[in-house]
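Residues in the sequence shown are numbered from 2 upward in steps of one, following our numbering. Below: the structure, in structure tokens.
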Amino acid sequence: MDEPWGVSEPAFVNIYLAAMFAPMLIGIVWGRVIRHRADRGTAFDHRQLPTAYHLGLLVDGHQRLIETIVANLVHRQVLLVDDAGRLSATGSPAGEPLEQDVLASVAKLGAPTTGEVVSDLNTMDPFHGSRALEDAKHFLARNGLIVPEAWSRSLKWTVALAYLGVFGMGLTRIVNAIRLERPVEPLLLLVVFAFVFMAIAFVLIRIPFHDVVPTRTGKAVVADARPDSLGGQGSTFGCAAAAVAIGGLAMYPDAGLMRALAQPQSAER
């Protein structure tokens, strides 16, 4: 038999097409497994979260966390916001390390909008390596509210390497088929798709689709949270921070400040 590996081209194309879906299946199944393993399995009272910042991080990752910090700093008049949505520091000190990161971003950018601060901190390695940010994530993971970051990273690497194997198998098959002067056109298109999927998988290792992955209990905490029921968070961080943590900048209690804070990133200076 002069077929590469003793398998006809149509048969191998079918096998390869099935193999292309294997990494996706691995990602879906393993993702559910690690979410189940990470879940605490018992109820968690959202009032036990140390700060509104932890709640914002749980609700919608880094973006909501930064918006919550900005809202709290504006509420405390550590930051001022003008009608165009531009932020400026008043010189008052920030208490939390994460607040200091936000103030540093405002100073660096020079009168940015909230959206510009979010964009800056989300692309800044020092923020992603912030001890305070890691501590907040560890608290959520330790209490079974999110999947540990290392588990999510391991899943992404597994999917990416699985796609690398699929791409390598297809490329090797094409080389053998060419050597035996067999047609490669149908398989070639699938190998191109496998390369694209592999590239996306490796990019997502560096650029996460989600900053945090809530467990079932974490989602229940988010669903139960209300700005007027946050206990110590309300007294320590103010209802403005709690409201923004839950519902975003559109929930800031002062309508005028809400419109200013929600100015788009591209607002004119």
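For glycine and all other residues, C-beta sits at the position ideal for the given N, C-alpha and C. Since we're looking at a predicted model, the values are computed, not measured.
Applying the criterion that 16 or more other CB atoms from any shown protein chain within 10 Å of the CB defines a buried residue, is residue i buried or exposed?
| i | result |
| --- | --- |
| G171 | buried |
| I16 | exposed |
| Q264 | buried |
| T52 | buried |
| D255 | exposed |
| D83 | exposed |
| V245 | buried |
| P113 | buried |
| I67 | buried |
| R36 | buried |
| T69 | buried |
Going by the CB atoms, is the gap between residue j and residue i shorter than 8 angstroms?
| i | j | result |
| --- | --- | --- |
| V222 | L104 | no |
| Q64 | V118 | no |
| V148 | T216 | yes |
| G28 | V160 | yes |
| V79 | A72 | no |
| A224 | I247 | no |
| G7 | V213 | no |
Going by DSSP, what residue range makes up the beta strand (DSSP E) through residue i?
| i | result |
| --- | --- |
| L81 | L80 to V82 |
| L88 | L88 to A90 |
Going along the chain, which residues of its own chain have a beta-carbon closer than 8 angstroms to the beta-carbon of residue i, five neighbours each way excluded?
| i | result |
| --- | --- |
| I175 | V185, L188, L189 and V192 |
Between which two residues does the alpha helix (DSSP H) holding residue i run?
| i | result |
| --- | --- |
| L156 | E150 to R180 |
| L258 | A256 to L262 |
| Q101 | P98 to L110 |
| I27 | E10 to A39 |
| M121 | It should be noted that the sequence gives Asp, not Met, for residue 121. It spans T115 to N123 - the alpha helix (DSSP H) in which D121 sits, taken as one unbroken run. |
| N73 | A53 to H76 |
| E4 | Segment: none, E4 is in no alpha helix (DSSP H) and carries neither H nor E. |
| D212 | Element bounds for D212: n/a, residue is neither H nor E. |
| D136 | R132 to R143 |
Excluding the 5 residues flanking residue i on each side, which residues of the same chain have their C-beta closer than 7 angstroms to its C-beta?
| i | result |
| --- | --- |
| L165 | M199 |
| M252 | A244 and V245 |
Under 6 angstroms Cβ to Cβ from residue i, same chain only, skipping five residues before and after it: list those, please.
| i | result |
| --- | --- |
| F128 | D102 and L122 |
| A137 | H55 and L58 |
| R87 | A112 |
If I'm right that residue i touches residue j with Cβ under 8 angstroms, what's the distance once you round it to whole angstroms?
| i | j | result |
| --- | --- | --- |
| P94 | S131 | 18 angstroms between Cβ atoms; not a contact. |
| V167 | A142 | The Cβ separation is near 31 angstroms, so there is no contact. |
| V75 | L262 | 7 angstroms |
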